[in-house]
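Enquirer:
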Amino acid sequence: MPTNTTTAIFTTPTSELSAVNIILSGIGEAPVNSLSDTTSDVAVALNILAEVSKEVQTEGWQWNTEDDYPLTPGDDGRIKLHPSIVRVHFREPDDRELVIRGQYVYDRIRHTYIFPRETAIKVTVTLLLAFEQLPEACRRYITLKSLRVFQERVVGSNTLSAFHQQDEARARAQMQAEERKADRPNIIKGTLPPTGTWRPVTALYNRGIGRLR
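All the letters of the sequence shown, read from the start, carry residue numbers 1 to 213 under our numbering.
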């Protein structure tokens, strides 16, 4: 049975292609059928979408944070981070001696990148996920923020920018509401269940205290 294109748009999560078409619509451009249609505007839209996605994910959210993530040395004795890891939080007592330099863990006390083979360090990490792996509320926010940035760089209309900022603010509020439901922050106990990832400054920022950027 053929699928109605209009129905599919409203019943499926935002894809990278649909996000790019929303961005293009912000300056009155026609939608494209494929991301292989690499016109200059499509290329710029894709780059901005990736840029904004990294910026938003680097803040650290419940859905891209993992606790008890094991870091172990390779055959050369060095602990190399997976490319998708953008933040590592070391726990006591390791937080006073271990840091990240480049893609590797460095011991500031022993002045070395080399660790014993049996080393296993449990940390909390923030990961960069592919666009299609993000929650829909986050995809929506990233798309609308990308639309605003795209318009400001390509057209530069202050009037359009003001309208886009309102949509962006609503999308961020929705994303923060979904975060609260999933993370269940507690001022006494932290996150529930108590995973140890909750930090007051991060929680306040992700829950509406931070400024809209």
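No residue lacks a Cβ here, since even glycine has one placed at the ideal position from N, Cα and C.
One question on the structure: do D41 and E51 come within less than 7 angstroms of each other, judged by their Cβ atoms?
Expert: Going by C-beta atoms, D41 is not nearer than 7 angstroms to E51.
Enquirer: Helix, strand or coil, according to DSSP, for I79 in the structure here?
Expert: Coil, per DSSP.
Enquirer: Contact between the segment 11-20 and the segment 127-147: three or more CB pairs below 8 angstroms?
Expert: Counting Cβ pairs under 8 angstroms, three or more are found: they touch.
Enquirer: Per DSSP, what are the beta-bridge partners of L98 in this structure?
Expert: DSSP output for L98 lists D107 as bridge partner(s).
Enquirer: Going by Cα to Cα distance, which pick from E178, A177, K145 is closest to L24?
Expert: Taking only the C-alpha atoms, the option nearest L24 is K145.
Enquirer: For P73 and S157, I'd like the C-alpha separation in whole angstroms.
Expert: Distance between the alpha carbons of P73 and S157: 52 angstroms.
Enquirer: Quick check: S161 and E168, are their CB atoms within less than 7 angstroms of each other?
Expert: No. Outside cutoff.
Enquirer: Report buried or exposed for Q166, applying the criterion of at least 16 other Cβ atoms within 10 angstroms of its Cβ.
Expert: Exposed: under 16 other Cβ atoms inside 10 Å.
Enquirer: Under the assumption that F217 contacts V44 (Cβ atoms under 8 angstroms), give the Cβ distance between them as a whole number of angstroms.
Expert: Summary: the structure shown does not reach residue 217, with the chain confined to residues 1 through 213, and so no result is reported for it.
Enquirer: Since I48 is in the alpha helix (DSSP H), which residue starts that stretch and which ends it?
Expert: Per DSSP, I48 belongs to the alpha helix (DSSP H) from 40-58.
Enquirer: Can you check DSSP and say which residues form a bridge with P70?
Expert: Paired residue(s): K122.
Enquirer: Please report the distance separating the alpha-carbon of L192 from that of E66.
Expert: Since pLDDT at L192 reaches only 47, below the 50 mark, its modelled position is unreliable, and no value is offered.
Enquirer: At the level of alpha carbons, what is the spacing between T119 and Q57?
Expert: T119 and Q57: Cα-Cα distance of roughly 29 angstroms.
Enquirer: Can you name, in chain order, every residue of its own chain whose Cβ lies under 8 angstroms from the Cβ of A182, other than the five neighbours on each side?
Expert: The answer, listed in chain order, is Q62, W63.
Enquirer: In the DSSP output, which residue or residues are listed as bridge partners for V155?
Expert: Its beta-bridge partners do not exist; DSSP assigns none.
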